[in-house]
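Beneath this line is the structure, given in structure tokens, with notes to follow.
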Amino acid sequence: MDALLSGLGAQYIAKCDYAKTGKTWQVFLPVGALLRAVERLRAADWHLEDVFALDCVEGYVVTYHFAHFDKPGRAALRVVLPHDKPALPSIAGIYSGAEWHERETRDFHGIVFEGNPNFVPLLISPDMADCFPLRKDAKARVKVQALLEAGEVVFRSPDFELMTPDEPAAEAKPATA
Amino acid sequence: MTRYTDMDQMAGDFYTLNFAKTAREGTLVLNLGPQHPSTHGVLRVLVEMDGEYVLRAEPVIGYLHRMQEKMAEVKTAAQYIPNMGRVDYLHALAWNWAFVGAVEKLAGIEVPERAEYVRVITCEFNRISSHLLWWGAYLLDLGAFTPIMYAFDDREKILDILQDPTGSRLTYSYFRVGGVARDLSDDCIRRIREFIPWLRGRLPMYKDLVSDNIILRKRIEDIGVIEPDLCRSYGATGPVARGSGIRYDVRRAEPYSVYPKLDFEIPISGLKDARGRYDVRMAEIEQSLRIIEQCLDMMPEGDVIVKGAPKPQWKAPAGESYCAIEGGRGKVGVYLASDGGKNMYRVKLRAPGYSNLSLFAEVSRGTLLADAVAILGSLDLVIPEIDR
Amino acid sequence: MPAELIRILVALVAVAVAVGLIGLVMVWVERKVAGHIQRRPGPYEVGPFGLLQPLADALKLVGKQLFMPDNADPVLFWLAPLLAFLPVLLLYLPLPVGDGLVALDINLGLLLILAFAGLTVLSLILAGWAANNKYGLLGAARAVSQSVAYEIPLLLSVLAVSFVAGSLNLATVVKAQGTWPWNWNIMTQPLAFLIYVVCALAETNRAPFDLPEGESEITAGFHTEYSGMGFGMFFLAEYANMVVVCSVATALFLGGWHGPVLPGPVWFLLKVSLLMLLFVFFRWTFPRVRFDQLLNINWKWLLPLAVVNLLATSFFVKLAQFSEVRW
Amino acid sequence: MHVVKEACKTLSDLWSLMVGLRVTGKYFTEPQRTVRYPWAAVPNLDTYKAHLVMVSTPKDKTKPRCISCGMCALACPSNCLTVVKRKAPKPTPEEEKAIAEAKAKGEKVKDKTPKDPEKFLYDFTLCSLCGTCMENCPVGALAFKGDAYAAGYSRSDFHFDLVAMLQNQAVMEGLDEAAAPTDKSEA
Chain E
1 MDALLSGLGA QYIAKCDYAK TGKTWQVFLP VGALLRAVER LRAADWHLED VFALDCVEGY
61 VVTYHFAHFD KPGRAALRVV LPHDKPALPS IAGIYSGAEW HERETRDFHG IVFEGNPNFV
121 PLLISPDMAD CFPLRKDAKA RVKVQALLEA GEVVFRSPDF ELMTPDEPAA EAKPATA
Chain V
1001 MTRYTDMDQM AGDFYTLNFA KTAREGTLVL NLGPQHPSTH GVLRVLVEMD GEYVLRAEPV
1061 IGYLHRMQEK MAEVKTAAQY IPNMGRVDYL HALAWNWAFV GAVEKLAGIE VPERAEYVRV
1121 ITCEFNRISS HLLWWGAYLL DLGAFTPIMY AFDDREKILD ILQDPTGSRL TYSYFRVGGV
1181 ARDLSDDCIR RIREFIPWLR GRLPMYKDLV SDNIILRKRI EDIGVIEPDL CRSYGATGPV
1241 ARGSGIRYDV RRAEPYSVYP KLDFEIPISG LKDARGRYDV RMAEIEQSLR IIEQCLDMMP
1301 EGDVIVKGAP KPQWKAPAGE SYCAIEGGRG KVGVYLASDG GKNMYRVKLR APGYSNLSLF
1361 AEVSRGTLLA DAVAILGSLD LVIPEIDR
Chain U
2001 MPAELIRILV ALVAVAVAVG LIGLVMVWVE RKVAGHIQRR PGPYEVGPFG LLQPLADALK
2061 LVGKQLFMPD NADPVLFWLA PLLAFLPVLL LYLPLPVGDG LVALDINLGL LLILAFAGLT
2121 VLSLILAGWA ANNKYGLLGA ARAVSQSVAY EIPLLLSVLA VSFVAGSLNL ATVVKAQGTW
2181 PWNWNIMTQP LAFLIYVVCA LAETNRAPFD LPEGESEITA GFHTEYSGMG FGMFFLAEYA
2241 NMVVVCSVAT ALFLGGWHGP VLPGPVWFLL KVSLLMLLFV FFRWTFPRVR FDQLLNINWK
2301 WLLPLAVVNL LATSFFVKLA QFSEVRW
Chain A
3001 MHVVKEACKT LSDLWSLMVG LRVTGKYFTE PQRTVRYPWA AVPNLDTYKA HLVMVSTPKD
3061 KTKPRCISCG MCALACPSNC LTVVKRKAPK PTPEEEKAIA EAKAKGEKVK DKTPKDPEKF
3121 LYDFTLCSLC GTCMENCPVG ALAFKGDAYA AGYSRSDFHF DLVAMLQNQA VMEGLDEAAA
3181 PTDKSEA
């Protein structure tokens, strides 16, 4: 996986314990590197399982699950978006099936996928398209590292601090933007 | 008599207008559903037609949306199990299993071996009943009214068997974190053993009445061809992928429970059309029977639920987990993220039908209306699962 | 002449009653047979063996509100069911039920039936068009192309029989046949009989050729918007048409009223009912064909076969005449 | 050769239609599978989960086993259970005296409140029949043994009080038992 994604500027790559988390890889990507990374996965015959978001203190963690038809393994690609302006490019051009998953994520969390061919509400009625039911109150949000399994770190860019377990107490306060 | 005064209302709702914006001049925009005999529930498909030909189709879903994922955030793990039976009512136990499996992974709970066998047996029975219902309903789509009654005749027997341990007939909430709710009774096992040869004896009749019928063959051959790459692009799994020649089955690809110990085949078909998907499902019925037979022979004695199984107010440890199960329609996936609180932090349900249905727009392009209906049926859709 | 007129009037009344009765009986038979095929009892609650069920159905239909969608054409919309039902009555007049038991004994009886049977399609297209419903329109379009296509092989297969008999009068055709099955036209014209049955199924919109009302595709086709007796009329017309095509088949191919022991009309009705039962079985056994396949069957198989059959028949007829003259 | 092959294929295709007719014809003559409901009931109701009922104590048929602990209501995913506890009976003057004495001595006062609930409200319209309440009951006071054919005219017909239901049933059974000997004598 790290070979597949080399040179993309991934922030964090870790091997995960399949028996415990059900996936083998977890990767944090900057927004700009998403499309190229997904293109490489597509070329390596991965298929898209689902797209969803987690509402955490540091922002929305948009997660793409990929799996393989021929080989075992599941990869989670994650992109962290700020709460005030959650937007990222759509991968529907690469994986056509992502169109619906992205529309669903928009319905639930209000995340904008730029370039989705038919970006209208899917599951939620258009009359109440702006209610975003799965967004959490600032109080209810927890930190990314409390939620996600750190795994066996293969690569971590120095400025990436989301998954660092023992942060100083001063930084631990929610930085609500 | 009321006349429309509002032109917008006459022209259609949000989706119709959105769809008609890009429709060509002189074509017919038709709403199939949400109430339509062939959409099995409340699926709505907008089609742009030129005569009998479908130029473009767009499924509109969400009529049965219940926000299951939000419900998970206000219930504890044990309290959420009944919801799983209502996601896909035809293969409820696969969803039961996916959720329970995800929680068990998260908490590191070991399930007693007998419970694993009971799970496999009930889940495979549920798969057969799901396929039988699909078979009948699909033929109803194709205009044959009788097969569904024969399929229900067999399905009733399965439901009677499943009713013994689960107590329900459709929306099972039978699995528990750490095992299953009740053991199979001796009477139930006896009936299972009687049932297997009986259903085997029925399968040739299905073949005679339907599978070999020339009208049916002509109806489902060479329509809705799905290339393997399209499956990959849309994430289609289950019989849809296997009908396209992809040998992918979660039971083998990501082995869980006792499946590695069992001897069964993954039927695939290289035809890639509706016929391929039909053949795969019919073959899966036979394979499921094989699995159940082996399980009955291999099943050990013992508990069916782990000692000290989580109580309703049990708190799952913090962390995340993903559990994939092979359901009747494909890969059923449940993703859990827990912050260690009473309720789940986030639950994501990956419905196979959702990915399979998103294929439809691409596959139905340029087909006849009757073919579009036949393709829709061949994807085996369960709307509650898609809408969640 | 008045005597003739009275005879026709009496016959018309008798036919109207008969059609209504047949409709009711057929509803019961269809539901009961369908039930038993599907291992259900069928109607059993109203009357002994559910015999009064069709009456209850009819009462329900009569009692229902007649509903017309907005923006439908009111005249054409209500004209269509009447037009579907009324011509059917005429079709019964030249049918010979027994020896001499025929309402209108005319030379061109067969022609009359075929001509008026074609009128049914007009009502279907009116119904589909006037309802201002997209499904209705699709159903109407299907009905027209299906009807137009299948009339040709139907005519050709019927012609072959009348060539042999040398008459278009149904009674004459029947008289030319004998008591026993091997004296019937089906023995000399098996291919024509097959073509006729297939075309008859298509002409009466019966499964597996029920495309104009194929419910899984276009909900109910041309009668999507009809409720109450509007729908009831179409329903009745369908069964009435079925009886006509089965009667014609009986007269042309199955020896009409001929048969041992039992009186003529009984034999006639028996044969008609058996054919109808076959139609019912077809409906509950087979899936529906697709539209292009339906037309392919017609143009690629039935039509060439019917032409070949007709040519062969005329050849043999001429040969027979020739040899008669010689001897 | 090709023509012969095609003809054979066509014939076998047509034959497949006859095979289908044979199957439906066979089932046409076979007995039906329908259970004519109001006059006959399906035979497998014993394992079917109908609505909840209260289980009585082995001694007294009118007395529920329930100890009003409220575990069921806590476990229920759909909040369809409400346990109304009994209020403590007003103590008689002597008892009051005894309590006061005990308190003065610093002894633990024995709670005289009956454990069985006054009402056990069960909203069947919300219940999803998952069985969580049953599994979490410490005394096994609940069971899915209700009427599978329960029907009513309004939603409020399904707001049951299980304690009252148990008592009614016990009374009805008592009547049946009382009536049974006379039936026998008549027979």
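Protein chains in written order, with this note's numbering: chain E, 1 to 177; chain V, 1001 to 1388; chain U, 2001 to 2327; chain A, 3001 to 3187. Glycine included, every Cβ here is placed at the ideal spot set by N, Cα and C.
Label residue i either buried or exposed according to how many other C-beta atoms from any shown protein chain fall within 10 Å of its C-beta, with 16 as the threshold for buried.
i	result
VAL2244(U)	buried
VAL2075(U)	exposed
ASN2205(U)	buried
LYS2060(U)	exposed
TRP1135(V)	buried
PRO2190(U)	exposed
GLU167(E)	Note that GLU167(E) scores a pLDDT of 47, beneath 50, so its modelled location is shaky; the value from the coordinates is reported in the next line. Exposed, because fewer than 16 other Cβ atoms sit within 10 Å of the Cβ of GLU167(E).
TYR1354(V)	buried
ALA2130(U)	buried
LEU1032(V)	buried
HIS3002(A)	exposed
Given this structure, state the Cα-to-Cα distance separating residue i from residue j, to the nearest angstrom.
i	j	result
MET1001(V)	MET2068(U)	Confidence in MET1001(V) is poor, its pLDDT being 37 and thus under 50, which makes the residue's placement unreliable; the coordinate value appears in the next sentence. Using only the alpha carbons, I get a separation of about 10 Å.
TRP3015(A)	LEU1209(V)	12 Å
PRO1300(V)	LEU1262(V)	14 Å
ALA3050(A)	LEU3129(A)	8 Å
TYR1004(V)	ALA1023(V)	Low confidence applies to TYR1004(V): its pLDDT is 45, below 50, so where it sits in the model is not reliable, and the reading given next is rough at best. If you take the alpha carbons of TYR1004(V) and ALA1023(V), they lie about 23 Å apart.
ALA170(E)	PRO126(E)	For ALA170(E), the predicted model reports a pLDDT of 40, less than 50, meaning its position is unreliable and no value from the coordinates is stated.
ILE94(E)	ASP3013(A)	44 Å
ARG3086(A)	THR3062(A)	16 Å
Residues of chain V with CB closer than 7 Å to the CB of residue i, please, in chain order.
i	result
ARG3033(A)	ASP1153
PHE2291(U)	GLU1052, LEU1368, ALA1370
Report the residue from the options whose alpha carbon sits nearest the alpha carbon of residue i.
i	options	result
CYS1323(V)	TYR1015(V), ASN1096(V), VAL1087(V), ALA1181(V)	ASN1096(V)
PRO2181(U)	ALA2251(U), GLU2217(U), PRO2212(U)	ALA2251(U)
VAL2102(U)	VAL2015(U), PRO2081(U), TRP2184(U), GLY2063(U)	VAL2015(U)
GLN1287(V)	GLY1062(V), CYS1123(V), HIS1036(V), ASN1018(V)	CYS1123(V)
THR1027(V)	SER1038(V), ASN1018(V), GLU1052(V)	GLU1052(V)
ASP3060(A)	GLN3167(A), GLY3131(A), VAL3023(A), ALA3150(A)	GLN3167(A)
GLY2136(U)	MET2242(U), GLY2128(U), ALA2143(U)	GLY2128(U)
PRO2304(U)	ASP2099(U), LEU2093(U), PRO2265(U), SER2157(U)	SER2157(U)
VAL2019(U)	ARG2290(U), TYR2239(U), ASP2105(U)	TYR2239(U)
ALA1361(V)	ARG1056(V), PRO1034(V), HIS1091(V)	ARG1056(V)
GLU1293(V)	ALA1020(V), ARG1275(V), ILE1189(V)	ILE1189(V)
ALA3151(A)	ARG3022(A), THR3034(A), PRO3038(A)	PRO3038(A)
Do residue j and residue i have their beta-carbon atoms positioned less than 8 Å apart in this structure?
i	j	result
VAL27(E)	ARG106(E)	no
ARG2288(U)	GLY1143(V)	yes
CYS3066(A)	ASP3116(A)	yes
GLU1069(V)	VAL1347(V)	yes
VAL2025(U)	MET2229(U)	no
ASP45(E)	ARG1232(V)	yes
LEU1064(V)	VAL1047(V)	no
PRO89(E)	GLU114(E)	yes
GLY970(V)	PRO1352(V)	Not covered by the structure: residue 970(V). The range shown for chain V is 1001 to 1388.
Starting from the beta carbon of residue i, find every residue of chain U whose beta carbon is closer than 7 Å, and list them in chain order.
i	result
ILE1375(V)	Within 7 Å Cβ-Cβ: nothing; ILE1375(V) doesn't reach chain U, min ~12 Å.
So which residues on chain A does residue i lean against when the C-beta distance must stay under 7 Å?
i	result
TRP2284(U)	THR3024
Which chain U residues sit within Cβ distance under 9 Å of residue i?
i	result
GLU3030(A)	HIS2036, ARG2039
MET1149(V)	ILE2037, GLN2038, ARG2039, ARG2040
Residues of chain A with CB closer than 9 Å to the CB of residue i, please, in chain order.
i	result
PHE2281(U)	LEU3021, THR3024, GLY3025, PHE3028
Along chain V, which residues have their Cβ under 9 Å away from the Cβ of residue i?
i	result
PRO2208(U)	GLY1143, ALA1144, ILE1215
Please list the partners that residue i has in chain V, where partner means a Cβ-to-Cβ separation under 8 Å.
i	result
PRO89(E)	Residues of chain V passing the Cβ test: none, with the nearest at roughly 17 Å.
Which of the residues in the region 1305–1332 of chain V, read from start to end, lie with their CB under 8 Å from any CB of chain D? You won't find chain D in this structure, because its protein chains are E, V, U and A.
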